[in-house]
Amino acid sequence: MRESLSKVQQMSLPRNGLPSCLQKSLLTSPLKPPRKKGKPIERVSTLSTSLTSPECSSHKALPNASASALWGFNVYHSPELDQEEMDKLHRRRLLQEKLKVDRERKMQADASKAEQKRLAQRLDYTKYLYFASKYGPLHALLYCCTDFPGRVYDLLVHRTATTLQHWAVHYMTVLKRHARFVVSREFVAVTLGAAVSKRVAVLTQHHHAHQLRRRIFYRVQYRVFIAWRAETDRGKLITSKFQRAMATTLAGRFVTWKDMMATRKMVRQGKLCQASVKVFHRALFNRFWHWKKCVDKTKHIRSRFTNACTRRTLDCWQQWRQFSTFAITYKAQAITMQRVWKGHCVRQYQRCQKLAAIKLQAWTRGRSARQYAKKLREQMHLVGVKLRFQLRKDMVTLHETFNSSVRAAIAAEHSRQVLEQQAMHRARELAKRDASEALVKILGNAYRAILKDKIALFKSEFGMDSKRATIKATEEVIQEAQTKAADYERVVFRQTHSAPPSVCTKCQAGLPLATCPHVCGESDGERAQRQAAWVQETLHTQAMALAALDTRPLPYAERYRYLLQLNNQNETVPLHYNQSTYRYL
1 MRESLSKVQQ MSLPRNGLPS CLQKSLLTSP LKPPRKKGKP IERVSTLSTS
51 LTSPECSSHK ALPNASASAL WGFNVYHSPE LDQEEMDKLH RRRLLQEKLK
101 VDRERKMQAD ASKAEQKRLA QRLDYTKYLY FASKYGPLHA LLYCCTDFPG
151 RVYDLLVHRT ATTLQHWAVH YMTVLKRHAR FVVSREFVAV TLGAAVSKRV
201 AVLTQHHHAH QLRRRIFYRV QYRVFIAWRA ETDRGKLITS KFQRAMATTL
251 AGRFVTWKDM MATRKMVRQG KLCQASVKVF HRALFNRFWH WKKCVDKTKH
301 IRSRFTNACT RRTLDCWQQW RQFSTFAITY KAQAITMQRV WKGHCVRQYQ
351 RCQKLAAIKL QAWTRGRSAR QYAKKLREQM HLVGVKLRFQ LRKDMVTLHE
401 TFNSSVRAAI AAEHSRQVLE QQAMHRAREL AKRDASEALV KILGNAYRAI
451 LKDKIALFKS EFGMDSKRAT IKATEEVIQE AQTKAADYER VVFRQTHSAP
501 PSVCTKCQAG LPLATCPHVC GESDGERAQR QAAWVQETLH TQAMALAALD
551 TRPLPYAERY RYLLQLNNQN ETVPLHYNQS TYRYL
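Counting from 1, one number per residue, gives the positions in the sequence shown under UniProt numbering.
Written as structure tokens, this is what we have:
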């Protein structure tokens, strides 16, 4: 008896801490062997955020304080602990579901990024095929260094084009310099060849040389005659000047002598002092002899000058007479030569005038064409600036309109979603109240039938007891009722009030625009952040489009059409040009 009582004292209580009435008697039930002392049973104390198994607890299990106070001994298992374990399992399940949703969301984001990258690579490869069809395949190193060879090829083409443009300007300068050198060398060669050929023709044709010699003689004769006539005129001029000078000198000397004679007469008459008689007499004598010497000297100089002028005149006259005789002898030949020479000079002059007229006309036409081209270039530059400004203005207006419409759509959708969420919340509360009241009723109804089916399902599949199965089934029935009521209220609200511009096909969430990014199951804060990021990305794309518009070259046809549009608006033609000038452009 004592042995059986000791065995009874060693047996453990059931898991809930209370003796079960359905169990057999303590005396008839088989006794469990006592548990060996050692490491305690590992239990999950807290819910870990990771999916790995919890670490082993080194301390012993603590008894439940409330149950121990109720029964008077240490109770390690109680309904409260069971409820805590159920809550921990529920939280773990929720965490696993949340992690699963996050994993799916991340996979969707990665798939979206991969799809965007694939589309970008496809467009980039299309660009690469375009450049490859025009300029050949890209180098293997440049093709394999990146996932976007089209962008690399585009940068390479633009860089090469810029380099070629700079090189073309430099090389055109070198070519122009070389062309000027070549043209000068050719001109010198042609001129020298013409001179040499003319010299050879002169040396090989004696009659031409004879005509040239006679023409030279005639020209020398003409120059000698001109020199003789100029010398004669010069001698006459000098003679007249000298005669006038001598006459003036003699007149002055005679006036001085006359004054002296008058002074002497006055001295004799006693009108002047007698002491100055000798002085005046000597002065008169000196003046007279000085005048006489000047007269003799003038005569001598005049004779010498006359002899020199006569000798020079005779020499010139002799030479002129000789050449006159020569000219009379060869007059007929000179006339013929002069006629031929005059004809040659006239033809040469006409040829030079014609060539000068052609050059002047070509220069005038080229200058007119360059002026017109310069004016047209300047006007096209101004038209390009105006057109770029107009395109930028139109693009900015379009972007502002689009952004305002997007903001208005987002605000309207947000206000509509607030009203819709309020209506759905009211519908959920009403459905929860109705379902709770229906489940409390004793009479059978649809909710109780669904509840019974779910309780049976939980008992058969998951092995739950009646209490846990009832609680779980009740929660699911109420949740399903709330979900159905919320879905129905959403449909009714959208039919009666206003429908969203776009709807997600999976979660039926309203979207402000069809292109607006959306992830199913996201919160309002995440949705607002995603929409703000999308709006910011749209603004960045618009800014890049404006920057690309500023750097995009404007074709000549587009600028000319815009010029015609401006002319039609202003009813004025900015450029007036001649038809002949336009023909040579």
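Idealized CB from N, CA, C, for every residue including glycine.
Next on the checklist: Let's test the definition: count the other Cβ atoms within 10 Å of the Cβ of P149 and tell me whether it reaches 16, buried, or not, exposed.
Outcome noted: Reading the sequence shown from its first residue, position 149 is the one you call residue 149. Buried, by the Cβ-count rule.
Next on the checklist: Assuming contact is defined by CB atoms lying nearer than 8 angstroms, are P517 and P501 in contact in what I supplied?
Outcome noted: Here the question's residue 517 lines up with position 517 in the sequence shown. Here the question's residue 501 lines up with position 501 in the sequence shown. With respect to P501, P517 sits apart: the two C-beta atoms are not nearer than 8 angstroms.
Checklist entry - Going by DSSP, what residues sit across from S502 in a beta bridge? => result As a first step, residue 502 must be located in the sequence shown, where it is residue number 502. Bridge pairing for S502: L511 [DSSP].
Next on the checklist: To the nearest angstrom, how far is the alpha carbon of D140 from that of L164?
Outcome noted: If you number the sequence shown from 1, residue 140 lands on position 140. If you number the sequence shown from 1, residue 164 lands on position 164. With the sequence shown as reference, residue 140 is identified as Ala, and Asp is not the correct amino acid for it. Here the alpha carbons of L164 and A140 stand approximately 23 angstroms from one another.
Next on the checklist: Here's the rule: buried if 16 or more other CB atoms are within 10 angstroms of the residue's CB, otherwise exposed. What is G510?
Outcome noted: The residue labelled residue 510 in the question sits at position 510 within the sequence shown. Counting Cβ neighbours within 10 Å, G510 comes out buried, since at least 16 surround it.
Checklist entry - In terms of alpha-carbon separation, which member of T313, L360, I226 and Q211 lies closest to K331? => result The residue given as residue 331 occupies position 331 in the sequence shown. Answer by Cα proximity: Q211.
Checklist entry - Buried or exposed: where does A427 fall if 16 or more other Cβ atoms within 10 Å of its Cβ makes it buried? => result In the sequence shown, counting from the first residue as 1, residue 427 sits at position 427. A427 should be labelled buried.
Item to check | Identity of the residue in F285, T263 and I226 nearest S324 by Cα | outcome: Locating residue 324 in the sequence shown gives position 324, counting from the first residue. Comparing C-alpha distances from S324 to each of F285, T263 and I226 shows the shortest one belongs to I226.
Item to check | Where the alpha helix (DSSP H) through Q269 begins and ends | outcome: Position 269 of the sequence shown, counted from the first residue, corresponds to residue 269. Where Q269 is concerned, there is no enclosing alpha helix (DSSP H), because DSSP gives it neither an H nor an E.
Item to check | For M464, the three-state DSSP class (helix, strand or coil) | outcome: For the purposes of this step, residue 464 is taken as the residue at position 464 of the sequence shown. In this structure, M464 counts as coil in the three-state DSSP scheme.
Next on the checklist: Can you look up G136 in the DSSP assignment and give me helix, strand or coil?
Outcome noted: By 1-based counting over the sequence shown, the position of residue 136 is 136. Reduced to three states, the DSSP call for G136 is coil.
Next on the checklist: For V406 and W534, I'd like the C-alpha separation in whole angstroms.
Outcome noted: Taking the first residue of the sequence shown as position 1, residue 406 is located at position 406. Taking the first residue of the sequence shown as position 1, residue 534 is located at position 534. Cα to Cα, the separation comes out at about 11 angstroms.
Checklist entry - Just curious, the alpha helix (DSSP H) that L549 is in, first and last residue? => result By one-based count along the sequence shown, residue 549 stands at place 549. From DSSP, the alpha helix (DSSP H) with L549 extends over D524 to T551.
Next on the checklist: On the CB-based measure, 16 or more other CB atoms within 10 Å of its CB, does F181 come out buried or exposed?
Outcome noted: Mapped onto the sequence shown, residue 181 falls at position 181. Counting Cβ neighbours within 10 Å, F181 comes out exposed, since fewer than 16 surround it.
Checklist entry - Among L237, F493 and L99, which one has its Cα closest to the Cα of Q421? => result Taking the first residue of the sequence shown as position 1, residue 421 is located at position 421. Between Q421 and the set L237, F493 and L99, the nearest pair of CA atoms involves F493.
Checklist entry - Among A412, T232, F285 and R530, which one has its Cα closest to the Cα of R311? => result By one-based count along the sequence shown, residue 311 stands at place 311. Minimum Cα distance to R311 is reached at T232.
Next on the checklist: Closer than 7 angstroms to a non-hydrogen atom of the ligand SAH - does that hold for the CB of P553?
Outcome noted: With respect to the ligand SAH, the structure shown offers nothing to examine, as it has no ligands at all.
Checklist entry - Expressed to the nearest angstrom, what Euclidean distance is found between the alpha-carbon atoms of L156 and M107? => result Mapped onto the sequence shown, residue 156 falls at position 156. Mapped onto the sequence shown, residue 107 falls at position 107. M107 has its alpha-carbon roughly 36 angstroms from the corresponding atom of L156.
Checklist entry - H414 to Q531, Cα distance in whole Å? => result Locating residue 414 in the sequence shown gives position 414, where the first residue counts as 1. Locating residue 531 in the sequence shown gives position 531, where the first residue counts as 1. Their Cα atoms are separated by approximately 11 angstroms.
Next on the checklist: Which residue wins for smallest C-alpha separation from L539, given the options D315, C507 and M395?
Outcome noted: Residue numbering aside, residue 539 sits at position 539 when the sequence shown is read from its first letter. Taking only the C-alpha atoms, the option nearest L539 is M395.
Checklist entry - Touching or not, the region 182 to 190 and the region 283 to 290, by the rule of three or more beta carbon pairs under 8 angstroms? => result With a cut-off of 8 angstroms, the region 283 to 290 and the region 182 to 190 do not count as touching, because too few Cβ pairs lie within range.
Next on the checklist: Check this for me: beta carbons of V477 and L451, under 8 angstroms apart or not?
Outcome noted: To locate residue 477, count along the sequence shown from 1; it is residue 477. To locate residue 451, count along the sequence shown from 1; it is residue 451. With contacts defined by Cβ atoms closer than 8 angstroms, V477 and L451 form a contacting pair.
Item to check | Integer Cβ distance of V383 from L563, believed to fall under 8 angstroms | outcome: As a first step, residue 383 is located in the sequence shown; it is residue number 383 there, counting from the start. As a first step, residue 563 is located in the sequence shown; it is residue number 563 there, counting from the start. Going by Cβ atoms, the distance from V383 to L563 rounds to 5 angstroms, so yes, they are a contact pair.
Checklist entry - Excluding five sequence neighbours on each side, which residues of the same chain lie with their C-beta closer than 7 angstroms to the C-beta of T470? => result Counting from one through the sequence shown, the residue named residue 470 turns up at place 470. Counting only Cβ-Cβ distances below 7 angstroms, and skipping sequence neighbours, we find I455.
Item to check | Contacting residues, own chain, Cβ-Cβ under 7 angstroms from G270 (five flanking each side not counted) | outcome: Position 270 of the sequence shown, counted from the start, is the residue given in the question as residue 270. None.
Checklist entry - To which residues of the same chain is L360 closer than 6 angstroms at the C-beta, ignoring the five residues directly before and after it? => result Here residue 360 corresponds to residue number 360 of the sequence shown, with the count starting at 1. Cβ contact annotation for L360 (same chain, cutoff 6 angstroms, sequence separation greater than five): none.
Checklist entry - Is the region 423 to 437 touching the region 547 to 560, taking contact as three or more C-beta pairs under 8 angstroms? => result By the criterion of at least three beta-carbon pairs nearer than 8 angstroms, the region 423 to 437 is not in contact with the region 547 to 560.
Checklist entry - Would you report the Cα separation of M266 and M260, rounded to the nearest angstrom? => result Counted from its first residue, the sequence shown places residue 266 at position 266. Counted from its first residue, the sequence shown places residue 260 at position 260. Distance between the alpha carbons of M266 and M260: 10 angstroms.
Checklist entry - Which whole-angstrom value is the C-beta distance of Y128 and L138, which I expect to be below 8 angstroms? => result By 1-based counting over the sequence shown, the position of residue 128 is 128. By 1-based counting over the sequence shown, the position of residue 138 is 138. Confirmed, Cβ separation roughly 7 angstroms.
Next on the checklist: With the cut-off set at 8 angstroms, would you say R388 and L554 are in Cβ contact?
Outcome noted: In the sequence shown, counting from the first residue as 1, residue 388 sits at position 388. In the sequence shown, counting from the first residue as 1, residue 554 sits at position 554. Yes, these two residues count as a Cβ contact at 8 angstroms.
Checklist entry - DSSP three-state call for S248: helix, strand or coil? => result By 1-based counting over the sequence shown, the position of residue 248 is 248. It is worth fixing the name first, because residue 248 is Thr in this sequence and not Ser. T248: helix per DSSP, three-state reduction.
Checklist entry - Which whole-angstrom value describes the C-beta separation of A423 and E489, a residue pair presumed to lie in contact below a C-beta threshold of 8 angstroms? => result For this step, residue 423 is matched to residue 423 along the sequence shown. For this step, residue 489 is matched to residue 489 along the sequence shown. In this structure, A423 and E489 form a Cβ contact; the two beta carbons are roughly 5 angstroms apart against a cut-off of 8 angstroms.
Checklist entry - Quick one, are the C-beta atoms of M246 and T313 less than 8 angstroms apart? => result As a first step, residue 246 is located in the sequence shown; it is residue number 246 there, counting from the start. As a first step, residue 313 is located in the sequence shown; it is residue number 313 there, counting from the start. No, they are not a contact pair.
Checklist entry - Is the Cβ-Cβ distance between L159 and D124 less than 8 angstroms? => result Looking up residue 159 in the sequence shown gives position 159. Looking up residue 124 in the sequence shown gives position 124. For the record, residue 159 in the displayed sequence is Arg; it is not Leu. With contacts defined as CB atoms closer than 8 angstroms, R159 and D124 fail to qualify as a contacting pair.
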